[in-house]
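In the working numbering, the protein residues as written are 1439 to 1812.
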Ligand SMILES: *Cc1c(COP(=O)(O)O)cnc(C)c1O
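#1: Heavy atom of ligand 1 less than 6 Å from the Cβ of residue 1516, yes or no?
#2: Hey, could you find the ends of the alpha helix (DSSP H) residue 1702 is sitting in?
#3: Is the separation between the beta-carbon of residue 1626 and that of residue 1617 shorter than 7 Å?
#4: Can you give me the start and stop residues for the beta strand (DSSP E) that residue 1491 sits inside?
#5: What does the alpha-carbon distance come out to for the pair residue 1675 and residue 1563?
#6: Less than 6 Å separating the Cβ of residue 1626 from some heavy atom of ligand 1?
#7: Mind checking who residue 1866 pairs with in its DSSP beta bridge?
#8: Within a Cβ cutoff of 8 Å, which residues of the same chain sit near residue 1813, ignoring the five residues on either side of it in sequence?
#9: Where residue 1605 and residue 1719 are concerned, what is the direct C-alpha to C-alpha distance, given to the nearest angstrom?
#10: Please determine, among 1703, 1760, 1733, the residue with the shortest C-alpha to C-alpha distance to residue 1802.
#11: Have a look at residue 1631 and residue 1640 and give me their C-alpha separation to the nearest angstrom.
#12: Hey, is residue 1498 close to ligand 1, as in C-beta under 6 Å from one of its heavy atoms?
#13: In three-state DSSP terms, what is residue 1485?
#14: Should residue 1547 and residue 1569 be called a contact, given that it needs their Cβ atoms to be closer than 7 Å?
#15: Shorter than 6 Å, the distance from the beta carbon of residue 1750 to the closest heavy atom of ligand 1, or not?
#16: With residue 1699 and residue 1711 assumed to form a contact (beta carbons below 8 Å), what rounded beta-carbon distance in angstroms separates them?
#17: Run the proximity test for residue 1622: is its beta-carbon closer than 6 Å to any non-hydrogen atom belonging to ligand 1?
#18: Have a look at residue 1666 and residue 1495 and give me their C-alpha separation to the nearest angstrom.
#19: Beta-carbon within less than 7 Å of residue 1642's beta-carbon, same chain only, minus the 5 sequence neighbours each way: which residues are those?
#20: Expressed to the nearest angstrom, what Euclidean distance is found between the alpha-carbon atoms of residue 1680 and residue 1459?
#21: To the nearest whole angstrom, what separates the beta carbons of residue 1555 and residue 1583, a pair I think is in contact under 8 Å?
#22: Please report the Cβ distance between residue 1645 and residue 1439, rounded to the nearest whole angstrom; I am assuming they are in contact, meaning their Cβ atoms lie under 8 Å.
#23: Can you have a look at residue 1469 and say buried or exposed, based on whether 16 or more other CB atoms are within 10 angstroms of its CB?
#24: Cβ of residue 1713 within 7 Å of Cβ of residue 1561?
#25: Run the CB neighbour count on residue 1812, radius 10 Å, all protein chains shown included, and call it buried at 16 or more, exposed below.
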């Protein structure tokens, strides 16, 4: 079976170094805080093109902490995309603010700036774009809108490590960028972990303080506010420090896999491969094709040993969790249309070209046999 993501293959490629790094954390009993955390924060900030990085327990906390420390709370509205993982909107609600859902673009899975602008009210305080699948959102237009209306921008980069838009790294366009190192993400820990990047030293200090129980930076025995406990642990930092130097090469491999899929699928007029923006550097956390044979492929490819998935079958406002949200029954024309045809194929740095060829051929065969039987 070709999995969607192969964590085993990734571990095998660095087994010795990772095992040693983990053993050293245990030997040192460096489970919480310590030098590995500081090393990771500094290296991740550098690689992401930001001045500061604050490590936290997971990507959802990274969002919640950033929103809270921007002063967002009850009565505020934050405009985000209708198509993402629930963390995106959940973290807005956790602050007491209200998520307002915008449609995605016609040709891309990312938030539609025109719809964002139409949704702005006097209560809107921020825009929360998601660089979904590793595809950067239209940050030029979103920044221009945010500036004109005096709104903050927090970028959800959980799926977009090292992606750029117009040459500028994701996560550095607005006040903060948030990352997840959930094991299956482009940079994955061996458990939960996350980070916030920012170019503001003041914001970095504030978020770090809140994430560590509001501990006073100057006095061990004082707390300047009540915060939360959201720390990256030493074992995760040790694993991430081993993996981080490989992230650029892994990202190039993902882009290479995407190129191979494109050439393998180019002859089928029934398949649209993900469009890559001219000024956007897509990092392919997900390789999502569009085809009217989606349901047929979803059923037949697993029988041929190929894992496939949908990211995400239900739009956020349609989830049961939002049964009482004013947009629960609203239509989102672009996202609804895309959701009828979207299918995610296996993609990970270790996926071989032989495997992409097997997958592409299986897709084309499935579609032709379906066409023949109709
Ligand atoms: C994975 C993910 C998150 C949350 O990250 P966790 O580390 O699992 O909390 C947030 N947003 C998006 C878009 C994600 O894919």
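Each residue gets a CB set at the ideal place from its N, CA and C atoms; glycine is no exception.
According to the structure shown:
#1: Residue 1516 sits at position 78 when you count from the first residue of the chain shown. No.
#2: Within the chain shown, residue 1702 is the residue found at index 264, counting from 1. For residue 1702, the enclosing alpha helix (DSSP H) has its first and last residue at 1685 to 1703.
#3: Taking the chain shown and counting its residues from 1, the one referred to as residue 1626 is at position 188. Taking the chain shown and counting its residues from 1, the one referred to as residue 1617 is at position 179. No, the Cβ-Cβ distance between residue 1626 and residue 1617 is not below 7 Å.
#4: By one-based count along the chain shown, residue 1491 stands at place 53. Its beta strand (DSSP E) spans residues 1490 to 1494.
#5: By 1-based counting over the chain shown, the position of residue 1675 is 237. By 1-based counting over the chain shown, the position of residue 1563 is 125. Spanning the two alpha carbons is a distance of roughly 33 Å.
#6: What you label residue 1626 is simply residue 188 of the chain shown in a count that begins at 1. Because no heavy atom of ligand 1 lies under 6 Å away, the Cβ of residue 1626 does not count as near it: no.
#7: Nothing can be reported for residue 1866: it is not among the residues displayed for the chain, which extend from 1439 to 1812.
#8: Residue 1813 lies beyond the stretch modelled for the chain, which goes from 1439 to 1812, so this question has no answer here.
#9: For the purposes of this step, residue 1605 is taken as residue 167 along the chain shown, with counting starting at 1. For the purposes of this step, residue 1719 is taken as residue 281 along the chain shown, with counting starting at 1. The alpha-carbon atoms of residue 1605 and residue 1719 are separated by roughly 8 Å.
#10: Stepping through the chain shown from its first residue, residue 1802 is reached at position 364. Among 1703, 1760, 1733, the Cα nearest to that of residue 1802 belongs to 1703.
#11: The count along the chain shown starts at 1 and reaches residue 1631 at position 193. The count along the chain shown starts at 1 and reaches residue 1640 at position 202. When rounded, the distance between both Cα atoms is 23 Å.
#12: As a working note, residue 1498 is residue 60 in the chain shown. Because some heavy atom of ligand 1 lies under 6 Å away, the Cβ of residue 1498 counts as near it: yes.
#13: One-based indexing of the chain shown puts residue 1485 at position 47. Looking at residue 1485 - three-state DSSP - the assignment turns out to be helix.
#14: Position 109 of the chain shown holds residue 1547. Position 131 of the chain shown holds residue 1569. No, Cβ-Cβ distance for residue 1547 and residue 1569 is not below 7 Å.
#15: In the chain shown, the residue the question calls residue 1750 occupies position 312. Incorrect: residue 1750 has no Cβ contact closer than 6 Å to ligand 1.
#16: Along the chain shown, one-based indexing puts residue 1699 at 261. Along the chain shown, one-based indexing puts residue 1711 at 273. With 8 Å as the limit, residue 1699 and residue 1711 qualify as a contact, their Cβ atoms being about 6 Å apart.
#17: Stepping through the chain shown from its first residue, residue 1622 is reached at position 184. No, ligand 1 has no heavy atom inside 6 Å of this Cβ.
#18: As a working note, residue 1666 is residue 228 in the chain shown. As a working note, residue 1495 is residue 57 in the chain shown. If I take the Cα positions, the gap works out to 11 Å.
#19: Walking along the chain shown from the start, residue 1642 turns up at place 204. Closer than 7 Å at Cβ, skipping near neighbours: 1490, 1492, 1636.
#20: Here residue 1680 is taken as the residue at index 242 of the chain shown, counted from 1. Here residue 1459 is taken as the residue at index 21 of the chain shown, counted from 1. About 8 Å.
#21: Translated into the one-based positions of the chain shown, residue 1555 becomes position 117. Translated into the one-based positions of the chain shown, residue 1583 becomes position 145. Sure, about 5 Å apart at Cβ, within 8 Å.
#22: By one-based count along the chain shown, residue 1645 stands at place 207. By one-based count along the chain shown, residue 1439 stands at place 1. Contact doesn't hold; Cβ gap of about 41 Å is too wide.
#23: In the chain shown, counting from the first residue as 1, residue 1469 sits at position 31. Taking all protein chains shown into account, residue 1469 has fewer than 16 neighbouring C-beta atoms within 10 Å of its C-beta and is therefore exposed.
#24: Taking the first residue of the chain shown as 1, we reach residue 1713 at position 275. Taking the first residue of the chain shown as 1, we reach residue 1561 at position 123. No. Outside cutoff.
#25: Start at 1 with the first residue of the chain shown, and residue 1812 comes out as number 374. Exposed, because fewer than 16 other Cβ atoms sit within 10 Å of the Cβ of residue 1812.
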